[in-house]
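Residue numbers (the working numbering): 17 to 563.
For each residue, glycine too, the CB sits at the ideal point set by N, CA and C.
See structure below.
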């Protein structure tokens, strides 16, 4: 379990480490606001696009094998990110990191689902989920420390020793598990449709601000291709993405009816706990990651925090997560997983609301840390148990698909959160900056427009630089006030989204622990055992084969 937790920690840490490093990156390698969103989102986007595919491949060909390949790819991508000198190369490195992470996450989750049973299974899920919640907050601390004390490049190079430890540990101690009863063919049509469909939808959400939601306001150029039409590529991409995902669903249903190998078993959605748990997970991830994108930009752009100070403040989130995680299994035993999830999400919604209302130019770091601590406690309760709730009634033979699908909706929610709330932040920031600058005496229209472009184009990261310009202090003050408005609106919107996620859990059914309390052998060959499924049917445990 320590190796699995360490493997999860590295991919989650890199999902959030960029949050703190981003303002420095914007200044250091001249990123645009769109570049910044892509560097943050492409990681989650590739996760969302590949998790279903790679989760199924792990079921078929071996989850430990998938983990090893994924950790190797992740290590190579981390080195490429560290040596990047432009937005395009860093985006490409982050994309490759997403490929590796999309192998690691379903491999670890389905391995936990296959190897642990009874009370140990609940504890393992608590560790797995708490690792996600905690490392989401540790990432900014590590990134802030390395960026402030050394260089942002070490925020990626720090991954290399962890990669080596996970690689050695996986080879020595993690048993191989796979589904021995499934046909060993990959649904390539399903792979292509899911990747293209999800990619088209998230591209539209991220790039709408840049290229225009209806009419083209900036030409799209990719290699030698240039979009020359008056209609923006954004609505075209969105409509095409929705059409491809609709086709994907029909193709998967047709293949299932005809008995052909399908990428996704849509019968999983008939399991009520899985269906409504996944919906709640998507909505919650949207709010959580959108908030974590906006907060560091506010702290560094408006309050002048360093990357290290930002990371230390966000550390309160990790402390709250780790402290509550020790008692989560006991709370679950007493109140049930569904209730613990609801309490956690309620604490998250309250904390993020308090955080949004506390945002100001005179905001106290202690007050912000207190809200983040409460938020972390909510994450520690909700994240681990929501995963367990989603998978509680899923047959073990389908655990790779199920873990891939539930992880996909989480990562899709993360990408949508950064896209939707990032767009809200940037657009609100531009409008508020223009409004505030109109009240600055003696500032010509040309200068006002230039300041608005710099502030919104950098997502607020360039605000401290404005004050160093001739006559800049009044313009900087106007931009800082605008950043407060934008961050407050974005954070309160994130709270509302998390509250919607809480409401979605109303549809979750009462949960019963699976009847698989008899422990499995922890050696490389695991004797098949009967596992009682949620619907009352009985299915054989899959065999863990020697690695």
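Subject >> Spatial neighbours of residue 23 in its chain, beta-carbon cut-off 7 Å, leaving aside the 5 residues before and after >> reply: 83, 87, 120, 124 and 182
Original post:
Should residue 319 and residue 379 be called a contact, given that it needs their Cβ atoms to be closer than 8 Å?
Top reply: Cβ distance < 8 Å, so residue 319 and residue 379 count as in contact.
Original post:
In the DSSP assignment, what are the bridge partners of residue 247?
Top reply: 231
Original post:
Helix, strand or coil: which one does DSSP assign to residue 193?
Top reply: strand
**OP:** Could you round the C-beta distance between residue 445 and residue 299 to whole angstroms and report it? I think they count as a contact, below 8 Å.
**Re:** Rounded, the Cβ-Cβ distance is 25 Å, inconsistent with contact.
Original post:
Would residue 101 be called buried (16 or more neighbouring beta carbons within 10 Å of its own) or exposed?
Top reply: It is exposed - the Cβ of residue 101 has fewer than 16 other Cβ atoms within 10 Å.
Subject >> Whole-angstrom distance between residue 277 and residue 478, CA atom to CA atom >> reply: 51 Å
**OP:** Check the Cβ-Cβ distances between residue 57 and every residue of chain C, and say whether any is below 8 Å.
**Re:** Of the protein chains in the structure, only one exists, and it is not chain C.
Original post:
Are the region 365 to 379 and the region 304 to 321 touching by the rule of at least three beta carbon pairs closer than 8 Å?
Top reply: yes
Original post:
Can we say the region 355 to 373 touches the region 388 to 396, given the rule of at least three CB pairs closer than 8 Å?
Top reply: yes
Original post:
What are the complete beta strand (DSSP E) segments, minimum 3 residues, inside the region 494 to 530?
Top reply: none
Original post:
On the premise that residue 118 lies in contact with residue 62, defined as a C-beta separation below 8 Å, what is that separation, rounded to the nearest angstrom?
Top reply: 6 Å
Subject >> Cβ neighbour criterion (16 or more within 10 Å) applied to residue 241 >> reply: exposed
Original post:
Within 10 angstroms of its Cβ, does residue 271 collect 16 or more other Cβ (buried), or is it exposed?
Top reply: buried
**OP:** Give the straight-line distance between the Cα atoms of residue 536 and residue 274, rounded to the nearest whole angstrom.
**Re:** With a pLDDT of 31 at residue 536, under the threshold of 50, the modelled position of this residue cannot be trusted, and the question is left open.
Subject >> Reduced DSSP category for residue 318 - H, G, I as helix; E, B as strand; rest coil >> reply: coil
Original post:
Roughly how many angstroms separate the alpha carbons of residue 53 and residue 434, rounded to a whole number?
Top reply: Distance between the alpha carbons of residue 53 and residue 434: 7 Å.
Original post:
Going by C-alpha distance, which of 358, 383, 397 and 286 is nearest residue 337?
Top reply: 397
**OP:** Would you please state the rounded distance, in angstroms, between the beta carbons of residue 173 and residue 216? I believe it to be under 8 Å.
**Re:** The Cβ separation is near 33 Å, so there is no contact.
Original post:
Secondary structure at residue 409, three-state DSSP: helix, strand or coil?
Top reply: coil
Original post:
Alpha carbon to alpha carbon, how far is residue 210 from residue 258?
Top reply: Those two C-alpha atoms are separated by around 10 Å.
Subject >> Host alpha helix (DSSP H) of residue 345 (start-end) >> reply: 344 to 351
**OP:** Select from 36, 520 and 20 the residue whose C-alpha is nearest the C-alpha of residue 292.
**Re:** 520
Original post:
Nearest CA to the CA of residue 372: which residue from 504, 513 and 452?
Top reply: 504
**OP:** Give every residue of the same chain whose Cβ lies closer than 8 Å to the Cβ of residue 289, excluding the five residues on either side of it in the sequence, and list them in chain order.
**Re:** 405, 406, 408, 409, 524, 525, 527 and 550
Original post:
Beta carbon of residue 81, beta carbon of residue 193: below 8 Å?
Top reply: No, the pair does not count as a contact, with Cβ atoms beyond the cut-off.
Original post:
CB-CB under 8 Å to residue 232, same chain, minus the five flanking residues each way: which ones, in chain order?
Top reply: 243, 245, 246, 247, 248 and 249
Original post:
Among the residues of its own chain, which have a CB less than 6 Å from the CB of residue 425, if the five just before and after it don't count?
Top reply: Answer for residue 425: 294, 297 and 298, listed in chain order.
**OP:** Could you tell me whether the Cβ atoms of residue 468 and residue 482 are closer together than 8 Å?
**Re:** Against a cut-off of 8 Å, the Cβ pair of residue 482 and residue 468 comes out as no contact.
Original post:
Taking residue 381 as the reference, which of 42, 329 and 223 has the closest Cα?
Top reply: Checked all of 42, 329 and 223; the closest Cα to residue 381 is 329.
Original post:
Hey, residue 38 and residue 164: beta-carbon distance below 8 Å or not?
Top reply: no
**OP:** Mind reading off the beta-carbon distance from residue 11 to residue 55? Whole number of angstroms is fine, and I expect it under 8 Å.
**Re:** No information on residue 11 is available, as it lies outside the stretch 17 to 563 that the chain covers here.
Original post:
Just the Cα atoms here: how many angstroms apart are residue 438 and residue 313?
Top reply: 10 Å
Subject >> residue 48 in three-state terms, based on DSSP >> reply: Correct three-state label for residue 48: coil.
**OP:** Reducing DSSP to helix, strand and coil, say where residue 484 ends up.
**Re:** coil
**OP:** List the whole-angstrom C-beta distance separating residue 4 from residue 206, where the pair is believed to meet the contact cut-off of C-beta under 8 Å.
**Re:** Outside the modelled stretch of the chain, which goes from 17 to 563, sits residue 4, for which no answer is possible.
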